[in-house]
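Take any residue in the sequence shown, count from 1 to its spot, add 490: that is its number in my numbering. Each residue gets a CB set at the ideal place from its N, CA and C atoms; glycine is no exception.
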Amino acid sequence: KEKTLAIIKPDGLYDNCTDKIKNAIFDSGFTIVKEMLIQLDEEAAMSFYAEHSSRSFFSSLVKYMTSGPVLIMVLEKENAVADWRALIGPTDASKAKITHPNSIRAMYGLDLQKNCVHGSDSPQSAQREISFFFKEKSSG
Ligand code: ATP
Numbered sequence: 491k492e493k494t495l496a497i498i499k500p501d502g503l504y505d506n507c508t509d510k511i512k513n514a515i516f517d518s519g520f521t522i523v524k525e526m527l528i529q530l531d532e533e534a535a536m537s538f539y540a541e542h543s544s545r546s547f548f549s550s551l552v553k554y555m556t557s558g559p560v561l562i563m564v565l566e567k568e569n570a571v572a573d574w575r576a577l578i579g580p581t582d583a584s585k586a587k588i589t590h591p592n593s594i595r596a597m598y599g600l601d602l603q604k605n606c607v608h609g610s611d612s613p614q615s616a617q618r619e620i621s622f623f624f625k626e627k628s629s630g
């Protein structure tokens, strides 16, 4: 089965949406195989979003992602990457409320930045992002 990386961002945790988001995850047939509540520091947030480092919103994004704890989860199911992206909906939560009202971002997100969840955009990104947070421990 395929794995993807999901993050409940600071606004999602702050608003106590975690249980509702987890219910949506289970209802859609995902298994949460790993879970970790952490506070990202600036360095980690910048590194995780390095592909966006030249964008105008980068510093604002880093500030947002370090504004409180985040819940990192590895989700597993057939077609996990695409299915999780479909379940969370478009990046802009305010637009999602109109076009994809049943998506997680529409229901629990706020706007283009505060969109409450992250999802890997490809199987390659998923592998990179999972190993970013969950370093494989070698035995011995
Ligand atoms: P994610 O990678 O978090 O799943 P995404 O792939 O839908 O989201 P990206 O374009 O990769 O969106 O942007 C990463 C994150 O940066 C978005 O989820 C959002 O929080 C923030 N973001 C994206 N575009 C903007 C913008 N124009 N202004 C402010 N924040 C933005």
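Span of the beta strand (DSSP E) around residue i
i	result
Gly502	No beta strand (DSSP E) holds Gly502; the alpha helix (DSSP H) holding it covers 500 to 504.
Leu527	521 to 528
His608	607 to 609
Cβ-based burial, residue i [other Cβ within 10 Å; buried from 16]
i	result
Ser593	buried
Ala496	buried
Gly630	Only weak support exists for where Gly630 lies, its pLDDT of 49 falling under 50; the coordinates are left without a value.
Arg545	exposed
Pro501	Before going on, a small fix: residue 501 reads as Asp here, not Pro. It counts as buried.
Val523	exposed
Glu533	exposed
Arg595	buried
Residue i in three-state terms, based on DSSP
i	result
Leu577	helix
Glu568	coil
Thr508	helix
Pro590	According to the sequence shown, residue 590 is His rather than Pro. In the structure shown, His590 sits in coil (DSSP, three-state: anything other than H, G, I, E or B).
Lys493	strand
Residue i: CB within 8 angstroms of a non-hydrogen atom of ligand 2
i	result
Gly609	Only ligand 1 can be found as ligands here, which leaves ligand 2 out of the picture.
Extent of the continuous alpha helix (DSSP H) to which residue i belongs
i	result
Ser537	532 to 538
Leu551	548 to 555
Ser544	Where Ser544 is concerned, there is no enclosing alpha helix (DSSP H), given that its DSSP letter is neither H nor E.
Pro613	613 to 623
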